[in-house]
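What follows is a short report on a single structure.
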Amino acid sequence: MTAVPAAAQLATAASSHRGLTMTLFGVFVLTTLGITVWAGRQTRDAADFYAGGRGFTGFQNGLAISGDYMSAASFLGIAGAIALFGYDGFLYSIGFLVAWLVALLLIAEPLRNSGRYTMADVLAFRMRQRPVRTAAGISTIVVSIFYLLAQMVGAGSLVALLLGVSGEGAKRWTVVAVGALMVVYVVIGGMKGTTWVQIVKAVLLIAGAALMTVLVLARYHFNISSLLGAAADASGKASAFLEPGLKYGTSGTTKLDFISLGLALVLGTAGLPHILVRFYTVPTAKAARKSVLWAIGIIGVFYLMTLALGFGAAALVGPATIKASNAAGNTAAPLLAQELGGGAGSTGGAILLAVISAVAFATILAVVAGLTLASSASFAHDLYANVIRRGRASETEEVRSAKLAAVAIGAIAIVLSIFADKLNTAALVALAFAVAASANLPTLLYSLFWKRFNTVGAVSSVYAGLISSVVLVVFSPVVSGSKTSLLPHSDFHWFPLENPGLVSIPIGFLAGWIGTLLAGETADPAKYAELEVRSLTGLGAH
Numbered sequence: 001m002t003a004v005p006a007a008a009q010l011a012t013a014a015s016s017h018r019g020l021t022m023t024l025f026g027v028f029v030l031t032t033l034g035i036t037v038w039a040g041r042q043t044r045d046a047a048d049f050y051a052g053g054r055g056f057t058g059f060q061n062g063l064a065i066s067g068d069y070m071s072a073a074s075f076l077g078i079a080g081a082i083a084l085f086g087y088d089g090f091l092y093s094i095g096f097l098v099a100w101l102v103a104l105l106l107i108a109e110p111l112r113n114s115g116r117y118t119m120a121d122v123l124a125f126r127m128r129q130r131p132v133r134t135a136a137g138i139s140t141i142v143v144s145i146f147y148l149l150a151q152m153v154g155a156g157s158l159v160a161l162l163l164g165v166s167g168e169g170a171k172r173w174t175v176v177a178v179g180a181l182m183v184v185y186v187v188i189g190g191m192k193g194t195t196w197v198q199i200v201k202a203v204l205l206i207a208g209a210a211l212m213t214v215l216v217l218a219r220y221h222f223n224i225s226s227l228l229g230a231a232a233d234a235s236g237k238a239s240a241f242l243e244p245g246l247k248y249g250t251s252g253t254t255k256l257d258f259i260s261l262g263l264a265l266v267l268g269t270a271g272l273p274h275i276l277v278r279f280y281t282v283p284t285a286k287a288a289r290k291s292v293l294w295a296i297g298i299i300g301v302f303y304l305m306t307l308a309l310g311f312g313a314a315a316l317v318g319p320a321t322i323k324a325s326n327a328a329g330n331t332a333a334p335l336l337a338q339e340l341g342g343g344a345g346s347t348g349g350a351i352l353l354a355v356i357s358a359v360a361f362a363t364i365l366a367v368v369a370g371l372t373l374a375s376s377a378s379f380a381h382d383l384y385a386n387v388i389r390r391g392r393a394s395e396t397e398e399v400r401s402a403k404l405a406a407v408a409i410g411a412i413a414i415v416l417s418i419f420a421d422k423l424n425t426a427a428l429v430a431l432a433f434a435v436a437a438s439a440n441l442p443t444l445l446y447s448l449f450w451k452r453f454n455t456v457g458a459v460s461s462v463y464a465g466l467i468s469s470v471v472l473v474v475f476s477p478v479v480s481g482s483k484t485s486l487l488p489h490s491d492f493h494w495f496p497l498e499n500p501g502l503v504s505i506p507i508g509f510l511a512g513w514i515g516t517l518l519a520g521e522t523a524d525p526a527k528y529a530e531l532e533v534r535s536l537t538g539l540g541a542h
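The sequence shown begins at 1 in the numbering used here and counts up one residue at a time.
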């Protein structure tokens with residue numbers, strides 16, 4: 001069977017079972033909206049809206065972190081990357097998982113002890129409030145929008161597949177619908193509603209991935225070697241499919257791109273705003289540590305299962321069929337679900353396709369809600385309350401501005417994502433990681449562990465990391481110069497790497513160091529001592 005007829009059959013099968021698919025989608029959306037409305041009634045003040053009242057246990061927050069982290073990039077993008085590039089595709093999984101060690105060892109406990117609602121609370125603790133909060137707020141919003149793009153692209157690809165529609169109009173309306181839902185979740189439910197949606201989504205995603213993993217392994221009598229061999233044969237690349245170099249390694253540039261990607265993934269997690277705010281939802285630093293430990297376990301199991309999903313898609317569906325459906329590979333997991341259920345046109349295939357696609361859609365909704373909440377909270381708490389109103393805004397005004405910001409950020413993400421549908425979701429998320437690792441992580445580490453670090457150093461680090469990473473992305477092959485670029489018919493790229501981390505991360509660290517040394521101001525040693533005691537012991541923590 002050739003790729004094009006297979007894709008056409010998939011579209012026909014999806015359309016013929018549209019009622020089942022939409023019913024499952026409707027059940028999930030109504031259930032999560034119910035949770036959101038219930039949580040909204042429990043939200044009484046800013047602490048409830050931003051941090052869920054700090055009442056979640058380590059296990060609950062670990063599940064929510066997993067739900068926040070295992071995004072469309074994890075489920076759709078990584079499965080597609082493995083199906084198309086074999087070993088090199090799995091490098092995304094490794095990077096996403098190893099990154100948690102940095103968050104656990106360096107960030108989780110000090111951040112929970114030192115901050116209140118946002119990353120900027122830590123940065124501004126011993127520095128001048130307005131410039132630091134402005135820089136941190138802008139960085140948070142930029143990183144969140146990059147990450148939101150990946151989720152929106154995943155949503156467009158997924159629903160276009162399910163409805164059997166190839167036109168751009170269907171994808172655009174899907175993106176608008178996802179954006180509207182995420183705004184509703186944030187505005188009504190705040191952190192409590194978002195957290196419970198993420199917990200439900202994490203359970204569904206792990207269950208769905210586990211079911212598909214068992215079904216894939218059962219096809220090969222639970223012999224992993226047979227699965228890998230079948231995937232290599234179907235790929236047309238033979239043993240090269242199971243070896244490094246299919247995507248990264250054919251030239252010096254691609255090897256550097258791999259190093260850049262690895263740096264961005266490993267260092268970026270500890271700077272992602274929507275992950276950092278999750279540490280504020282637990283009552284103590286001990287619970288924050290437990291959250292990360294639970295998250296590492298849950299996420300680790302999931303990423304092991306992506307091996308079966310990706311190689312299973314390569315073996316049972318085939319790279320040609322996957323590319324015919326979506327050039328970036330974002331539909332590999334749903335296509336695999338249909339094949340495992342009995343193939344195109346079968347009732348079993350339609351049911352499993354609908355179930356797994358509903359889980360993937362749940363994944364997208366939960367993550368975009370978390371991202372929108374993090375960015376709108378940063379705007380309201382950092383930019384509006386502390387920069388524009390200079391600390392004179394009431395809690396009611398602050399929360400109202402956060403809700404308005406959620407609407408604005410949702411609108412921006414919708415408009416941008418309409419033009420990014422040809423990009424792989426895992427690659428888009430890697431760009432968000434690069435920006436977070438370049439702008440946020442250096443400033444956080446310097447602030448927590450360098451006594452001499454001052455306001456000029458903090459502002460220099462954030463802006464240098466942010467501007468360098470965004471500029472390099474704009475002039476990279478991601479935006480122009482190839483068929484899968486954001487602007488495929490233009491070519492103004494001069495930066496050869498797809499991920500800017502290799503250059504922009506050192507720039508962020510270097511700018512913070514140079515800015516601190518050249519600044520005329522001297523850091524307050526008493527404030528640093530207070531921050532050090534608080535970050536290590538929790539004394540005085542909110």
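Every residue gets a Cβ at the ideal spot worked out from N, C-alpha and C, and that includes glycine.
Worksheet item: DSSP three-state call for S71: helix, strand or coil?
Response: Locating residue 71 in the sequence shown gives position 71, counting from the first residue. Residue state for S71 is assigned as coil, using DSSP reduced to three classes.
Discussion item. For G341, report the span of its alpha helix (DSSP H) as first-last.
Written reply: Here residue 341 refers to the residue found at position 341 of the sequence shown. Where G341 is concerned, the enclosing alpha helix (DSSP H) stretches over A332 to G341.
Worksheet entry | Residues near G545 by beta carbon distance below 6 Å, same chain, minus five either side | Residue numbering for the chain in the displayed model covers 1 to 542; residue 545 lies beyond these limits and cannot be assessed.
Worksheet item: With distances taken between CB atoms, is the gap from S447 to F453 smaller than 8 Å?
Response: As a first step, residue 447 is located in the sequence shown; it is residue number 447 there, counting from the start. As a first step, residue 453 is located in the sequence shown; it is residue number 453 there, counting from the start. Yes. Within cutoff.
Practice prompt. Determine the direct distance from the alpha carbon of S93 to that of D491, and round the result to whole angstroms.
Written response: The residue given as residue 491 occupies position 491 in the sequence shown. The residue given as residue 93 occupies position 93 in the sequence shown. The straight-line gap from Cα to Cα measures roughly 31 Å.
Worksheet item: Closest to L131 by CA distance: which of S468, Y384, H489 and V470 is it?
Response: Along the sequence shown, one-based indexing puts residue 131 at 131. Note on residue identity: the sequence assigns Pro, not Leu, to residue 131. Selected option, being the one with the closest Cα: Y384.
Fill in: Span separating the alpha-carbon of T2 from that of G80
Locating residue 2 in the sequence shown gives position 2, where the first residue counts as 1. Locating residue 80 in the sequence shown gives position 80, where the first residue counts as 1. At T2 the pLDDT is 34, less than 50, meaning the model places this residue with poor confidence; the figure from the coordinates comes in the next sentence. Spanning the two alpha carbons is a distance of roughly 19 Å.
Worksheet item: So, do the segment 493-503 and the segment 260-271 have three or more beta carbon pairs nearer to each other than 8 Å?
Response: Touching, yes.
Item to complete: Would you identify the three-state DSSP class for L497, choosing helix, strand or coil?
Response: Sequence index remark: in the sequence shown, residue 497 carries index 497 (1-based). If DSSP states are grouped into helix, strand and coil, L497 belongs with coil.
Fill in: Buried/exposed call for R126, threshold 16 Cβ in 10 Å
Residue mapping note: residue 126 aligns to position 126 of the sequence shown, counting from 1. R126 comes out buried.
Item to complete: Count the other C-beta atoms from every protein chain shown that fall within 10 angstroms of the C-beta of G391, then say buried if there are 16 or more, exposed otherwise.
Response: Mapped onto the sequence shown, residue 391 falls at position 391. With fewer than 16 neighbouring CB atoms inside 10 Å of its own CB, G391 falls in the exposed class.
Practice prompt. Name the one or two DSSP bridge partners that L487 has.
Written response: Counting from 1 along the sequence shown, the entry for residue 487 is found at position 487. Its beta-bridge partners are S480.
Fill in: M182 (DSSP reduced to helix, strand or coil)
Here residue 182 is taken as the residue at index 182 of the sequence shown, counted from 1. If DSSP states are grouped into helix, strand and coil, M182 belongs with the helices.
Item to complete: Within 10 angstroms of the Cβ of H221, are there 16 or more other Cβ atoms? Answer buried if so, exposed if not.
Response: Taking the first residue of the sequence shown as 1, we reach residue 221 at position 221. So H221 counts as exposed.
Fill in: When G208, L416, W450 and A83 are compared against A358, the one with the closest alpha-carbon
As a working note, residue 358 is residue 358 in the sequence shown. Selected option, being the one with the closest Cα: G208.
Discussion item. Let me confirm a value: V4 is counted as buried when at least 16 other C-beta atoms fall within 10 Å, else exposed. Which label applies?
Written reply: Stepping through the sequence shown from its first residue, residue 4 is reached at position 4. Caution is warranted here: a pLDDT of 41 is assigned to V4, below 50, making its placement in the model unreliable, and no coordinate value can be reported.
Discussion item. Beta-carbon within less than 6 Å of A295's beta-carbon, same chain only, minus the 5 sequence neighbours each way: which residues are those?
Written reply: In the sequence shown, counting from the first residue as 1, residue 295 sits at position 295. Answer for A295: G62, I65 and S66, listed in chain order.
Worksheet item: Under a three-way DSSP split, which group does E243 fall into?
Response: Counted from its first residue, the sequence shown places residue 243 at position 243. Correct three-state label for E243: coil.
Worksheet entry | Proximity winner among V102, P283 and T195, relative to N113 (alpha-carbon distances) | Here residue 113 corresponds to residue number 113 of the sequence shown, with the count starting at 1. N113 has its Cα closest to that of P283, out of V102, P283 and T195.
Discussion item. Whether or not the segment 373-387 and the segment 404-412 are in contact is what I'm after, with contact meaning three or more pairs of Cβ atoms, one per stretch, closer than 8 Å; do they touch?
Written reply: Yes, the segment 404-412 touches the segment 373-387.
Worksheet item: Alpha carbon to alpha carbon, what distance is there between L472 and L309?
Response: Counting from 1 along the sequence shown, the entry for residue 309 is found at position 309. Counting from 1 along the sequence shown, the entry for residue 472 is found at position 472. Approximately 33 Å between the Cα atoms of the pair.
Item to complete: Could you work out which residue in A369, L91, R133 and V216 is closest to I388 when comparing CA atoms only?
Response: Mapped onto the sequence shown, residue 388 falls at position 388. Among A369, L91, R133 and V216, the Cα nearest to that of I388 is on R133.
Worksheet item: Just how far apart, CA to CA, sit I199 and R44?
Response: Numbered from 1 along the sequence shown, position 199 holds the residue referred to as residue 199. Numbered from 1 along the sequence shown, position 44 holds the residue referred to as residue 44. One C-alpha to the other measures close to 22 Å.
Worksheet entry | Contacts around V175, its chain only, beta-carbon distance under 7 Å, and the 5 residues preceding and following it disregarded | The residue you call residue 175 lines up with position 175 of the sequence shown. These residues qualify, in order along the chain: M152, A155, G156, I414, S417 and I418.
Worksheet item: What does a CB cutoff of less than 6 Å around A231 pick up in its chain, not counting 5 residues either side in sequence?
Response: Here residue 231 corresponds to residue number 231 of the sequence shown, with the count starting at 1. So the qualifying residues of the chain are F311, A314 and A315.
Worksheet item: Do you know offhand how far M212's Cα is from V367's?
Response: Numbered from 1 along the sequence shown, position 212 holds the residue referred to as residue 212. Numbered from 1 along the sequence shown, position 367 holds the residue referred to as residue 367. Near 22 Å, if we compare the C-alpha coordinates of V367 and M212.
Worksheet item: Would R278 be called buried (16 or more neighbouring beta carbons within 10 Å of its own) or exposed?
Response: The sequence position of residue 278 within the sequence shown is 278, counting from 1. R278 counts as buried, since no fewer than 16 other beta carbons sit within 10 angstroms of its beta carbon.
Item to complete: Would you give the residue range spanned by the alpha helix (DSSP H) that H274 belongs to?
Response: Here residue 274 corresponds to residue number 274 of the sequence shown, with the count starting at 1. That run of the alpha helix (DSSP H) goes P273 to L276.
Discussion item. DSSP three-state label for A313, please.
Written reply: As a working mapping, residue 313 is identified with position 313 in the sequence shown. Here DSSP, grouped into helix, strand and coil, assigns A313 to helix.
Fill in: Best match in S139, S394, A519 and F433 for proximity to T455 [C-alpha to C-alpha]
Here residue 455 is taken as the residue at index 455 of the sequence shown, counted from 1. Out of S139, S394, A519 and F433, A519 has the C-alpha closest to the C-alpha of T455.
Worksheet entry | Contact set for F25: own chain, Cβ-Cβ below 7 Å, skip 5 residues either direction | Stepping through the sequence shown from its first residue, residue 25 is reached at position 25. The residues are A358 and F361.
Worksheet item: Nearest-angstrom Cα distance between F449 and I138?
Response: Reading the sequence shown from its first residue, position 449 is the one you call residue 449. Reading the sequence shown from its first residue, position 138 is the one you call residue 138. For F449 and I138, the distance between alpha carbons rounds to 23 Å.
Worksheet item: Going along the chain, which residues of its own chain have a beta-carbon closer than 7 Å to the beta-carbon of L149, five neighbours each way excluded?
Response: For the purposes of this step, residue 149 is identified with residue 149 of the sequence shown, where counting begins at 1. A413, L416, S417, A420 and L428, listed in sequence order.
Discussion item. What does the alpha-carbon distance come out to for the pair Y147 and L502?
Written reply: As a working mapping, residue 147 is identified with position 147 in the sequence shown. As a working mapping, residue 502 is identified with position 502 in the sequence shown. Going by the C-alpha atoms only, they are around 19 Å apart.
Discussion item. I believe S375 touches I188 by the beta-carbon criterion, under 8 Å. Please report the beta-carbon distance rounded to the nearest angstrom.
Written reply: Taking the sequence shown and counting its residues from 1, one reaches residue 375 at position 375. Taking the sequence shown and counting its residues from 1, one reaches residue 188 at position 188. 17 Å between Cβ atoms; not a contact.
Worksheet item: Just the Cα atoms here: how many angstroms apart are D48 and M191?
Response: Working through the sequence shown from its first residue, we reach residue 48 at position 48. Working through the sequence shown from its first residue, we reach residue 191 at position 191. If I take the Cα positions, the gap works out to 7 Å.
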